[in-house]
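Just below is one structure, and these are the notes that go with it.
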Amino acid sequence: MQPNTVFCALSRQRNRLAKGFGLVAGLAAPTAARAHGGEGLLAADAFRAWSVTPEISGALLLILVIYIRGALRRRSVAAPASASRHVLFAGGILALFLSLQSPIDPMGERLFLAHQIQHLLLRMVGPMLVVLARPQGLLIAGTPEVLRRWLLAPMLANGAVSGLYNWMTGPLTAFVLFLLSLYVWQIPPIHNAALLDPLIHWAMHLTMLAGGLLFFAMIFGRRDLPTTPPHSLRIALLFAGIVSNILLGAITVFKTTVLYTAYDIEGRLFGIAPLSDETAGGFILWVPGSMMLIIAIMIVVFDWNRTEGKRLDRGHDMAGSGKAGSPAQAAAARKRLALLLGLGVLAMFSLIIGTAVFILSIG
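Sequence positions in the sequence shown follow our numbering and run 26 to 388.
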């Protein structure tokens, strides 16, 4: 297929999707791969193509300044945030910055592989680190008083807003949104159209970031409330996420035709063959994406063990009621629980690796 033919077909797809997104009809035909500056990018300049823009870098810097201001204001409280939480938050902001402002962004319009690395940072790494830092208190403390009084306080007290947030961070809703934020954008016509239209591309990035934040807010929720999902359910949802990564990654790795033809309008960087590029991108979906969720499972297992350990130390059994016996018996029960949970994680990890080896052997 000639590049002009590919471009015309993708333009028609873009126009149909633009109407679905409510875009203004009659937009001028897009230039090739113009969504985030990938057009005209040379391989020799690819790793120097930093694109620092005020709407992204400025917003991330503002969030970081508010966080630091909140940390300084709360440094004298009885239990200030630990250094590890600060490192986690800074790492999450850095991951988001790299995904959207580093050379990964323009390279992601010319390589499917680079685009999947960008999505890994934007949808998993950044949200995981930010949520694990538990920055809500510091961000509220660092917000100027006038905004806290007239904006944050009314929002936090609004039942509709809190109800919407609770619904979106519910186990089923958060998982479905997290899954859709990956699967929908991997549909070839939608993915190709996102490379050609900036607004669709931004919708892709925003939904991925939002899906990741909501999902990990549910997974790493700390408060032990009746509405909080049990640790076993969180692990089950993470495991389901791993299975979805393996499925989509395997499909992308073992397909025999090129699906994401928008990358070929100006040619893929570094002379990488289209099929090889998409195979490598599928590997990113499959292995690093699944490994991030395995790390999340380990964190949840650790928190589960710690929570049950506190119950045992208070003299309760693992169900939270009744007596567990002497301190020695409680310690023994805690060790057995840790061993059980550790073996469960090992079993899941072995299943994932075994599935990957089996699919590779038959591929």
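Backbone N, C-alpha and C define an ideal beta-carbon position, used for all residues, glycine too.
_Would you call the segment 193 to 203 in contact with the segment 233 to 242, where contact means no fewer than 3 C-beta pairs closer than 8 Å?_
yes
*Given 8 Å as the limit, is there contact between the segment 267 to 281 and the segment 216 to 227, that is, 3 or more CB pairs closer than that?*
no
*For H140, collect the residues of the same chain with a Cβ closer than 6 Å to its Cβ; drop the 5 residues on either side in sequence, then sort them by chain order.*
G133
_Using a 10 Å radius around the Cβ and a threshold of 16 neighbouring Cβ atoms, would you call P160 buried or exposed?_
buried
_Nearest-angstrom beta carbon gap, I142 and I309 [assumed within contact, 8 Å]_ = 6 Å
*How many angstroms separate the CA atom of A305 from the CA atom of F203?*
22 Å
*Leaving out five residues on either side along the sequence, give the residues of the same chain with a beta carbon under 6 Å from the beta carbon of M343.*
For M343, the predicted model reports a pLDDT of 48, less than 50, meaning its position is unreliable and no value from the coordinates is stated.
*Secondary structure of L371, DSSP reduced to three states*: helix
*Taking buried to mean at least 16 other C-beta atoms within 10 Å of its own C-beta, is Y208 buried or exposed?*
exposed
*Since L294 contacts L136 with CB under 8 Å, what's their CB separation in whole angstroms?*
5 Å
*With burial defined as no fewer than 16 other Cβ atoms inside 10 Å of the residue's Cβ, what is the status of I212: buried or exposed?*
exposed
*May I ask which residues mark the beginning and end of the alpha helix (DSSP H) holding S187?*
G184 to M193
_Going by C-alpha to C-alpha distance, which of S127, L263, L231 and K280 sits closest to S315?_
L263
_Cβ pair G162, A120 closer than 8 Å_ = no
*asked:* Between R99, I91, T194 and A71, which has its C-alpha nearest I118's C-alpha?
replied: I91
_Proximity below 8 Å, CB of L89 to CB of L157_ = no
*Give the C-beta separation of R94 and G167 to the nearest angstrom, bearing in mind that I take them to be a contact with Cβ-Cβ under 8 Å.*
4 Å
*By DSSP, does V112 sit in helix, in strand, or in coil?*
helix
*Taking 8 Å as the cut-off, decide whether the C-beta atoms of G307 and T281 are in contact.*
no
*How big is the Cα-Cα spacing for T253 and R173?*
27 Å
*asked:* Measuring only from the beta carbon, is W311 closer than 7 Å to any heavy atom that is part of the ligand MG?
replied: With respect to the ligand MG, the structure shown offers nothing to examine, as it has no ligands at all.
*asked:* Taking the alpha-carbon of D130 as reference, which of L66, D302 and H256 has the nearest alpha-carbon?
replied: L66
*Should R100 go down as buried or exposed, given a rule of 16 or more other Cβ atoms within 10 Å for buried?*
exposed
*Considering only residues of the same chain and omitting the five flanking positions on each side of A115, which have a CB-CB separation below 8 Å?*
L89
*asked:* Comparing C-alpha positions only, which one of A178, L238, V326 and P79 sits nearest to S206?
replied: L238
*By the 10 Å Cβ neighbour count, where 16 or more other Cβ atoms means buried, how is R259 classified, buried or exposed?*
buried
*What is the DSSP secondary structure of G66, reduced to helix, strand or coil?*
Correcting the residue identity first, residue 66 is Leu in this sequence and not Gly. Three-state result, L66: coil.
*Would you list, in sequence order, the uninterrupted alpha helix (DSSP H) runs of no fewer than 4 residues that lie entirely inside the segment 213 to 271?*
213 to 221 and 223 to 244
*Distance, Cα to Cα, G246 vs E170?*
27 Å
*Give the DSSP-derived three-state secondary structure of T332 in the structure shown.*
helix
_Cutting at 7 Å between CB atoms, please list the residues of its own chain near P313, excluding the five before and the five after it._
L145
*Rank P255, D302 and D289 by C-alpha distance to the C-alpha of W329 and give the top, closest one.*
P255
*With C-beta atoms as the reference, is L318 less than 8 Å away from G266?*
yes
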